[in-house]
Amino acid sequence: MVINISFLEEEHMSKEKLIVALDVDSLDKAVTLVEQLAPHVGVFKIGMELYNSAGPDAVRQIVKRGSKVFLDLKLHDIPTTVAKTVRVLTRLGVSIINIHAGGGLAMMQAAASAAQDEAAVRGIKPPKVIAVTVLTSLDQNALNTQLNIPGTVEEQVLRWAKLAQQAGLHGVVCSPREIKAIRETCGENFIIITPGIRPAGVSKNDQQRVMTPAEAVKLGASYLVVGRPITGAKEPVQAAREIVNEISKASGGNG
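Here the sequence shown stands for residues 140 to 394, where the numbers follow the numbering used here.
Spelled out as structure tokens, the structure:
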């Protein structure tokens with residue numbers, strides 16, 4: 140039997156780009172999904188619903204199974220409070236933590252320093268700290284008329300992305316529509332995590348600025364966040380594998 144090593148490497152690199160959102164309300168449901176999907180997924184995202192239901196144990200249970208965790212709590216508070224919280228979360232062994240860019244430069248700098256310092260004290264790998272820009276549930280009208288922020292969505296996303304980079308953060312969360320502009324502005328090493336990913340023919344749900352996996356990868360997304368199209372599918376494993384395959388093809392065979 141001949142194994143195509145190149146193909147296996149490409150598949151592995153492509154699956155590392157896929158983050159599955161565990162938007163469930165119990166640890167049992169989350170663990171079931173993780174055990175099903177771990178061979179096909181790079182990272183699992185724990186958001187506010189699961190974290191507020193199961194607490195830090197949700198992170199511990201997934202990390203101890205050998206999977207990476209993106210802890211999506213969107214921290215937004217005064218710098219000292221955010222820094223102390225980041226220290227606590229770093230101890231859990233998460234791979235990615237996010238904070239709101241709207242908290243400002245000092246808050247983001249405090250978060251970045253806290254993650255590095257706490258990891259050094261603990262002798263562990265520091266998590267990537269990234270900033271949330273404009274939520275993908277917001278459109279142009281909401282940004283201007285409800286939040287009273289002038290300019291286009293893309294302009295605001297770019298402002299916050301540049302501020303995050305200045306603060307020493309590793310990257311941002313943004314909608315697929317802003318990937319190209321951020322990649323051009325912030326460079327190749329800046330992490331871009333993209334929610335609002337919907338395979339062709341799948342409902343947008345409450346996301347407004349969406350794109351297919353292939354489109355997002357071609358524009359330069361580092362990671363794609365996919366929730367309901369996988370976790371709500373009749374065959375979650377098959378759904379995940381199809382997206383990984385799409386990522387691989389869009390990457391031109393380079394993962």
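C-beta atoms are modelled at their ideal positions from N, C-alpha and C, and glycine is treated no differently.
Since we're looking at a predicted model, the values are computed, not measured.
By a C-beta neighbour count over all protein chains shown, 10 Å radius and 16 as the cutoff for buried, is residue i buried or exposed?
i	result
Arg204	exposed
Lys156	buried
Ser387	buried
Gln377	exposed
Ser361	buried
Met187	exposed
Gly383	Just to set this straight, residue 383 is Val in the shown sequence, not Gly. Flag for Val383 reads buried.
Gly371	exposed
Asn411	The structure shown has nothing for residue 411, since the chain only spans 140 to 394.
Gly326	exposed
Pro178	exposed
Ile217	exposed
Ser165	exposed
Val304	It should be pointed out that residue 304 corresponds to Gln in this sequence rather than to Val. So Gln304 ends up on the buried side.
Ala254	buried
Asp167	exposed
Gln295	buried
Ile144	Because the pLDDT of Ile144 is 39, which lies under 50, any placement of that residue in the model is unreliable, and the number read from its coordinates should be weighed accordingly. Burial call: exposed.
Leu147	Because the pLDDT of Leu147 is 43, which lies under 50, any placement of that residue in the model is unreliable, and the number read from its coordinates should be weighed accordingly. The residue is exposed, with fewer than 16 neighbouring Cβ atoms inside 10 Å.
Ala222	buried
Hey, residue i and residue j are a contact pair by Cβ (cut 8 angstroms); roughly how many whole angstroms apart?
i	j	result
Val104	Gly232	The chain is shown from 140 up to 394; residue 104 falls before or after that span and cannot be answered.
Ala306	Leu228	Not confirmed; about 18 angstroms, so no contact.
Ala270	Ala240	4 angstroms
Leu302	Ile321	With 8 angstroms as the limit, Leu302 and Ile321 do not qualify as a contact, their Cβ atoms being about 12 angstroms apart.
Val208	Ile238	The pair is not a contact, with the Cβ atoms about 16 angstroms apart (cut-off 8 angstroms).
Thr299	Thr324	Checking the sequence, you will find Trp at residue 299 rather than Thr. Not quite, the Cβ-Cβ distance comes to about 11 angstroms (not below 8 angstroms), so this is no contact.
Hey, could you find the ends of the alpha helix (DSSP H) residue i is sitting in?
i	result
Asp167	Leu166 to Leu176
Leu189	Met187 to Ala193
Asp256	Leu244 to Arg261
From what residue to what residue does the beta strand (DSSP E) around residue i run?
i	result
Ala160	Leu157 to Ala160
Lys207	Lys207 to Leu214
Val221	Unbroken run through Val221 is the alpha helix (DSSP H), Pro218 to Arg230; no beta strand (DSSP E).
Val239	Contrary to the premise, residue 239 reads as His rather than Val in this sequence. Start and end: Ile235 to His239.
Cβ pair count under 8 angstroms reaching 3, the stretch 278-292 against the stretch 247-264: no
Residue ranges of each alpha helix (DSSP H) run of no fewer than 4 residues wholly in the stretch 303-391, ordered along the chain? 318-325, 352-358, 367-370 and 375-389
Which whole runs of the beta strand (DSSP E) in the stretch 256-300 are 3 residues long or more, in chain order? Complete beta strand (DSSP E) runs here, min 3: 267-271.
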